[in-house]
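Engineer: Chains as they are written, first to last, in the working numbering: chain U, 110 to 575; chain A, 415 to 896.
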Amino acid sequence: MIGLEIHCQLTKLESKLFCTCKADYRSFEPNTNICPVCMGMPGTLPRLNKKAVEKATMIAMALNCKTPERLGFFRKNYFYPDLPKNFQITQLTMYGPTSIGEQGKVSIEGKEIRIRRIQIEEDPGRLIYEGASERTAITLVDYNRAGTPLVEIVTEPDFDSPRQVRIFLNVLSDLLQNLGVSDPTLEGAMRADANVSIEGGNRVEVKNIGSFHDLEKAIHFELTRQQSLKERGIEIAQETRHWDDKRKITISSRSKEEDEDYRYILEGDIPWIIMDEKSVSSWRQKMPESISSKKDRYITKYGIPPQVADVLSSDKYYSDLFEQAHNEKNAKEIANFITTDLMGLVDTREKREQAKITPKHLMDLAEKISSGQVTRSSAKNALSEIVKTGKSVSDIISSIGLAKISDESEIDKIIDEVISQENTAVQQAKENPQTINYLVGKVMQKTKGKADPTITLNLFKKKIGL
Amino acid sequence: MSLAISAIDYINGIKNNTITAEEFVSKTLEHIKKHEPRLHAFISINESAVDQARQIDKKIKSGQKVGAFYGMPISVKDNICVKGGKTTCASKMLENYISPYDATVVTRLKDQDAIIIGKTNLDEFAMGVATEFSAFGPSKNPWNIDYVPGGSSGGSAVSVAALESVLSLGSDTGGSVRNPGSFCSIVGFKPTYGLISRYGLVSYANSIEQIGPMGRRVEDVALLLNNISGKDQHDPTTIHNEEQDYLSGIDTGISGKKIGIIKEMSSGAGLDSTVESVFKNAVSAFEKLGANVQEISLDMIQYTVATYYVLTTAEAGSNLSRYDNLRYGYDLDSEGYEFRQYISKARHKFGAEVTRRMILGGFVPSAGFAGKYLLKALKVKSKLKKQIQLAFSKFDFLISPTVPVLPFKFGEKRDDPLAMYLADINTVTANLTGIPAVSVPYEVRHGLPVGIQIHANILQEKKLLQVAYALQGTTKLPEVPL
Numbered sequence: 110m111i112g113l114e115i116h117c118q119l120t121k122l123e124s125k126l127f128c129t130c131k132a133d134y135r136s137f138e139p140n141t142n143i144c145p146v147c148m149g150m151p152g153t154l155p156r157l158n159k160k161a162v163e164k165a166t167m168i169a170m171a172l173n174c175k176t177p178e179r180l181g182f183f184r185k186n187y188f189y190p191d192l193p194k195n196f197q198i199t200q201l202t203m204y205g206p207t208s209i210g211e212q213g214k215v216s217i218e219g220k221e222i223r224i225r226r227i228q229i230e231e232d233p234g235r236l237i238y239e240g241a242s243e244r245t246a247i248t249l250v251d252y253n254r255a256g257t258p259l260v261e262i263v264t265e266p267d268f269d270s271p272r273q274v275r276i277f278l279n280v281l282s283d284l285l286q287n288l289g290v291s292d293p294t295l296e297g298a299m300r301a302d303a304n305v306s307i308e309g310g311n312r313v314e315v316k317n318i319g320s321f322h323d324l325e326k327a328i329h330f331e332l333t334r335q336q337s338l339k340e341r342g343i344e345i346a347q348e349t350r351h352w353d354d355k356r357k358i359t360i361s362s363r364s365k366e367e368d369e370d371y372r373y374i375l376e377g378d379i380p381w382i383i384m385d386e387k388s389v390s391s392w393r394q395k396m397p398e399s400i401s402s403k404k405d406r407y408i409t410k411y412g413i414p415p416q417v418a419d420v421l422s423s424d425k426y427y428s429d430l431f432e433q434a435h436n437e438k439n440a441k442e443i444a445n446f447i448t449t450d451l452m453g454l455v456d457t458r459e460k461r462e463q464a465k466i467t468p469k470h471l472m473d474l475a476e477k478i479s480s481g482q483v484t485r486s487s488a489k490n491a492l493s494e495i496v497k498t499g500k501s502v503s504d505i506i507s508s509i510g511l512a513k514i515s516d517e518s519e520i521d522k523i524i525d526e527v528i529s530q531e532n533t534a535v536q537q538a539k540e541n542p543q544t545i546n547y548l549v550g551k552v553m554q555k556t557k558g559k560a561d562p563t564i565t566l567n568l569f570k571k572k573i574g575l
Numbered sequence: 415m416s417l418a419i420s421a422i423d424y425i426n427g428i429k430n431n432t433i434t435a436e437e438f439v440s441k442t443l444e445h446i447k448k449h450e451p452r453l454h455a456f457i458s459i460n461e462s463a464v465d466q467a468r469q470i471d472k473k474i475k476s477g478q479k480v481g482a483f484y485g486m487p488i489s490v491k492d493n494i495c496v497k498g499g500k501t502t503c504a505s506k507m508l509e510n511y512i513s514p515y516d517a518t519v520v521t522r523l524k525d526q527d528a529i530i531i532g533k534t535n536l537d538e539f540a541m542g543v544a545t546e547f548s549a550f551g552p553s554k555n556p557w558n559i560d561y562v563p564g565g566s567s568g569g570s571a572v573s574v575a576a577l578e579s580v581l582s583l584g585s586d587t588g589g590s591v592r593n594p595g596s597f598c599s600i601v602g603f604k605p606t607y608g609l610i611s612r613y614g615l616v617s618y619a620n621s622i623e624q625i626g627p628m629g630r631r632v633e634d635v636a637l638l639l640n641n642i643s644g645k646d647q648h649d650p651t652t653i654h655n656e657e658q659d660y661l662s663g664i665d666t667g668i669s670g671k672k673i674g675i676i677k678e679m680s681s682g683a684g685l686d687s688t689v690e691s692v693f694k695n696a697v698s699a700f701e702k703l704g705a706n707v708q709e710i711s712l713d714m715i716q717y718t719v720a721t722y723y724v725l726t727t728a729e730a731g732s733n734l735s736r737y738d739n740l741r742y743g744y745d746l747d748s749e750g751y752e753f754r755q756y757i758s759k760a761r762h763k764f765g766a767e768v769t770r771r772m773i774l775g776g777f778v779p780s781a782g783f784a785g786k787y788l789l790k791a792l793k794v795k796s797k798l799k800k801q802i803q804l805a806f807s808k809f810d811f812l813i814s815p816t817v818p819v820l821p822f823k824f825g826e827k828r829d830d831p832l833a834m835y836l837a838d839i840n841t842v843t844a845n846l847t848g849i850p851a852v853s854v855p856y857e858v859r860h861g862l863p864v865g866i867q868i869h870a871n872i873l874q875e876k877k878l879l880q881v882a883y884a885l886q887g888t889t890k891l892p893e894v895p896l
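(1) So which residues of chain A does residue 196 (chain U) contact, with C-beta pairs closer than 7 Å?
(2) By a C-beta neighbour count over all protein chains shown, 10 Å radius and 16 as the cutoff for buried, is residue 352 (chain U) buried or exposed?
(3) Along chain U, in chain order, which residues have C-beta atoms closer than 9 Å to that of residue 616 (chain A)?
(4) Hey, quick one: how far does the beta strand (DSSP E) through residue 853 (chain A) stretch, first residue to last?
(5) Report yes or no: do three or more beta-carbon pairs, one from the region 510 to 521 of chain A and one from the region 543 to 550 of chain A, lie closer than 8 Å?
(6) Please report the Cβ distance between residue 289 (chain U) and residue 131 (chain U), rounded to the nearest whole angstrom; I am assuming they are in contact, meaning their Cβ atoms lie under 8 Å.
(7) Of all the alpha helix (DSSP H) runs that stay within the bounds of the region 330 to 362 of chain U, which reach a length of 4 or more residues?
(8) Residues in its own chain within less than 6 Å of residue 633 (chain A) by CB, not counting five upstream and five downstream?
(9) Does residue 184 (chain U) have its Cβ less than 7 Å from a Cβ in chain A?
(10) Please check if any C-beta of chain A sits within less than 7 Å of the C-beta of residue 191 (chain U).
(11) 7 Å is my cut-off, CB to CB: does residue 374 (chain U) come that close to chain A?
(12) Using a beta-carbon distance below 7 Å, is residue 650 (chain A) in contact with chain U?
(13) Whole angstroms is fine: what's the gap from residue 647 (chain A)'s alpha carbon to residue 313 (chain U)'s?
(14) Tell me, please, whether the CB atom of residue 621 (chain A) is closer than 7 Å to any CB atom in chain U?
(15) Let me know the alpha helix (DSSP H) ranges lying completely inside the region 541 to 607 of chain A, each 4 residues or longer, listed in chain order.
(16) Below 8 Å on the Cβ atoms is my contact criterion, and I expect residue 384 (chain U) with residue 199 (chain U) to pass it. Report the Cβ-Cβ distance as a whole number of Å.
(17) Skipping 5 residues on each side, what residues in its chain have a beta carbon closer than 6 Å to that of residue 611 (chain A)?
(18) Got a sec: which bits of the region 213 to 246 of chain U sit with their beta carbon under 8 Å from any beta carbon on chain A, in order along the chain?
(19) State the DSSP-derived secondary structure class of residue 99 (chain U), mapped to helix, strand or coil.
(20) So, with DSSP's three-state summary, where would you put residue 451 (chain A)?
(21) Would you decide whether residue 164 (chain U) is buried or exposed? Buried here means 16 or more other CB atoms lie within 10 Å of its CB.
(22) Closest Cβ-Cβ distance between residue 779 (chain A) and chain U: below 7 Å?
(23) Mark residue 960 (chain A) as exposed unless 16 or more other C-beta atoms lie within 10 angstroms of its C-beta, in which case mark it buried.
(24) From this set, A:564, A:579 and A:432, which residue's C-alpha is nearest residue 463 (chain A)'s C-alpha?
(25) Which residue comes first and which comes last in the alpha helix (DSSP H) that contains residue 230 (chain U)?
(26) Check whether the region 178 to 193 of chain U and the region 369 to 376 of chain U touch, using three or more Cβ-Cβ pairs below 8 Å as the test.
(27) Let me know the secondary structure DSSP gives residue 203 (chain U) once reduced to three states.
(28) For residue 810 (chain A), collect the residues of the same chain with a Cβ closer than 6 Å to its Cβ; drop the 5 residues on either side in sequence, then sort them by chain order.
(29) Taking 7 Å as the cut-off, decide whether the C-beta atoms of residue 820 (chain A) and residue 688 (chain A) are in contact.
(30) Report yes or no: do the region 726 to 737 of chain A and the region 617 to 637 of chain A share at least 3 C-beta pairs separated by less than 8 Å?
(31) Just how far apart, CA to CA, sit residue 528 (chain A) and residue 720 (chain A)?
(32) Could you name the residues of chain U that residue 495 (chain A) contacts, counting a contact when the two beta carbons are closer than 8 Å?
(33) State buried or exposed for residue 100 (chain U), treating a residue as buried only when at least 16 other CB atoms are found within 10 Å of its CB.
(34) Pull out every residue of the region 501 to 519 of chain A whose Cβ sits closer than 9 Å to any Cβ of chain U, in chain order.
(35) Quick one: list the residues of chain U neighbouring residue 741 (chain A), beta-carbon separation under 8 Å, in chain order.
(36) I need the straight-line Cα distance from residue 506 (chain A) to residue 761 (chain A), nearest angstrom please.
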């Protein structure tokens, strides 16, 4: 059995959870995105960022959780150098349901994964070690991250395999992105710990897992380790183990973290927040269309094939482009552009950030194709130029000569060239007309895709007497 | 020019050109320098106070808009942050800590042209009833320096009683403004929880404590309250008081009001006979003023001290855990220590009382014990609240002696925590229930002051100050022997 505790940063928020420092801490020099409040200086008080409540509620609703009548915050007391107050402000179930969401569920590949609880909490600062953490001579602390808004999602132990975990995390990552609350591709924006156990064994918590890829490996390692202990009749200890990403194994952490008593108390500086019907329903209305509803719409309204619709709807970057570029007529064409041609050009975060493409570009390209001004193959060439330069479609067509060649005499000359060079293929085409596509392809090659395919085909047929 | 004038008289003096801020502040500083070696009310003194007063005089002379305090010297307890100066909480752990920001109350005082004359002494982190637990030495009761001034806002009370400041801000977690008010014969006011912003007050037990104004006269306290109360964006627990004017109509009188004597606070073995006798005089005075006085029994009171110490230590354990000496504190080389070792080494600088409460605070909310202590205390708190609400459906005010005993000598209760904690029995109820309460100085018997405590319901500060003012009018207090 596998259960997850996933920490997601609400990277799309402007400010930290309890002060006005920036939530986006990544661009700052160490210890410059701080103030008396997030540093827990004597006398300071937390001021809850209302937007965090709104965004976290959206996550809870998207995961089909129950929304509580009132929200409470609690202090988790423990000493750690990355924690300025030596307690973390978080949520838990005490005095009834007071956490932002409880008892949710998500379905992946027909399997239901239950969500136990979702809570809002503050992220600690970051510790930076010199070399490996166990042998570090110097540990540096950067408090820029301290107090940034986190949502912790705790699942029930409903996963059967590491693969299921990976699929779930991908679904969750897409969901968070679609909600516009977080960018999970940012380093450290989404982190997960796993609770792993096998039948008849104790629960082992695996921490310190840097990436989803490693999470899958860590769970796999842990299952194998536990299975082998069981086979040898050795008891599986209930413990916390750390993932060693160099050696790709889990190591028992000697610290007695599982014995830690967090002495939870109510955070009296944050009054109970009444989750009134009005705010909650207004947040619900503000929620963007869900991925599955988008997918359904793409299929039923525009006749986009399910596989294409799946890719298009689950990636917010693509679906945003699609939503802004499409109309009733061009939808299929736009979907096609994005999922076949654009995808390869913007497959990393860096490329996306640098890409200069706008929805207008896609609209213009679709228009040029439908009006017969460029071929689809030329459009693809134009697309890479657009992504690089952001120039307008018409500029690119004229500057690199992508206008479609529809002039029969021009195409005629090229066909003659091809016939003189491809004797065998011509013979073959005469015997088996389907192979003429090869010859048409040669024409396209010579014209860099600019020749009108229909005209070319008809002319070619005429020439060789088909 | 006398320093023994009320805040109202000071303002009138400035307006009539009979005094200047500079004169008054200079004279106050001289007075402080003369008496501090004997009284030790202050931890630090504002050395630029005279310059600040001069600036305010200039504003007054040139006809510019001047704030409500006209350069009045006001002292502030040293657990309330004043930017750029030390805020020590009378602890070695913060001996050299300089706050990077002003508490909201300090901002409001400065905006109204008050002069923060100095930071006053207290029990370390406001834990105590005698100011004996200050890491920098105790404050002395100006009525008799062999006696404690009360606490934890002892320094504030001494500064006001001994004319070292016109007004002061203390903090009250379980009586820390009212207790020294009673022991030093001044007015100590604990407002409704949330009426005054706690932003910049160093937390001890944040769910029940409040900053409280202290002065020699009830009307002075009302004036101070007018200028510091109300909603603050930095403190989400503050409540909007609609810019209530606590000073206007303060002389309304209390004819026909119903006053309840809380039996559990005003009788029994723990009550000193002198205190009891002074209290009886006060009761007669209330009756003469036309109030209807009756006794009421509130049986939950017997559990309040235990409840108070469970709740406050649990919160203190959490609030004070940030003093790990890593980001600020005193000089202690970390070389050669593991992280946790270093913290426990550094925390040896906490005094005995703070250490005692932090150990308790680690225990009462811990797994396996929370149900027996912390959660039970929370239940008692909620029952007590209900009982008090019921009492206020019958009475306008509830009264008692502020402290059941007279000021005691140094060292008398220091080593007997239980006896010391019982001195809080009459004051903790207001904190546990969030209601306002005031200690009004009533008599000085055999050289020792006795104060009367009056409670009102949530946000009934205006009425509470009216009854306190009425009571003040029925007594004439002697001058403090300086």
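Here a beta-carbon is modelled for each residue, glycine too, at the ideal position from N, C-alpha and C.
Structural biologist: Reading off the structure:
(1) Correct list: 732 and 735.
(2) With 16 or more other CB atoms across the displayed protein chains lying within 10 angstroms of its CB, residue 352 (chain U) is buried.
(3) Within chain U, the residues near residue 616 (chain A) are 151 and 152.
(4) Counting along the chain, the beta strand (DSSP E) containing residue 853 (chain A) begins and ends at 851 to 859.
(5) Not touching, per the Cβ criterion.
(6) Rounded to whole angstroms, the Cβ separation of residue 289 (chain U) and residue 131 (chain U) is 18 Å, and the two are not in contact under 8 Å.
(7) Within the region 330 to 362 of chain U, no complete alpha helix (DSSP H) run reaches 4 residues.
(8) Excluding positions up to five away in sequence, the list reads 422 and 664.
(9) So yes, residue 184 (chain U) belongs to the interface.
(10) No, because no Cβ of chain A sits closer than 7 Å to the Cβ of residue 191 (chain U).
(11) At least one chain A Cβ lies under 7 Å of residue 374 (chain U).
(12) Chain U has a Cβ within less than 7 Å of the Cβ of residue 650 (chain A).
(13) Near 44 Å, if we compare the C-alpha coordinates of residue 313 (chain U) and residue 647 (chain A).
(14) Chain U has a Cβ within less than 7 Å of the Cβ of residue 621 (chain A).
(15) Listed in chain order, they are 568 to 575 and 592 to 598.
(16) Contact doesn't hold; Cβ gap of about 18 Å is too wide.
(17) Cβ-Cβ distances below 6 Å link residue 611 (chain A) to 518, 646, 649 and 652 in the same chain, with the five nearest sequence neighbours on each side left out; the list follows chain order.
(18) When C-beta distances to chain A are compared with 8 Å, every residue of the region 213 to 246 of chain U stays at or above that value.
(19) No answer is possible for residue 99 (chain U): the residues shown for chain U start at 110 and end at 575.
(20) In the structure shown, residue 451 (chain A) falls within a helical segment according to DSSP collapsed to helix, strand and coil.
(21) With 16 or more other Cβ atoms from the protein chains shown falling within 10 Å of its own Cβ, residue 164 (chain U) counts as buried.
(22) For residue 779 (chain A), the answer is yes, since a Cβ of chain U falls inside 7 Å of its Cβ.
(23) What is shown of chain A runs 415 to 896, which leaves residue 960 (chain A) out entirely.
(24) Nearest C-alpha to residue 463 (chain A): A:579.
(25) Taken as a continuous stretch (DSSP letters only), residue 230 (chain U) belongs to no alpha helix (DSSP H), being part of the beta strand (DSSP E) at 220 to 231.
(26) Touching, yes.
(27) Of the three classes helix, strand and coil, the one that applies to residue 203 (chain U) here is coil, per DSSP.
(28) 671 and 672.
(29) Contact flag set, yes.
(30) For the pair of segments examined, the region 726 to 737 of chain A was found to touch the region 617 to 637 of chain A: the number of CB pairs separated by less than 8 Å reaches three.
(31) The alpha-carbon atoms of residue 528 (chain A) and residue 720 (chain A) are separated by roughly 39 Å.
(32) Within chain U, the residues whose beta carbon sits less than 8 Å from that of residue 495 (chain A) are 151 and 152, listed in sequence order.
(33) Residue 100 (chain U) cannot be examined here, being either before or after the span of chain U that is shown, 110 to 575.
(34) Here the close residues are 501, 503, 508, 511, 513, 514, 515 and 517.
(35) Here the neighbours are 148 and 193.
(36) When rounded, the separation of the alpha-carbon atoms in residue 506 (chain A) and residue 761 (chain A) is 10 Å.
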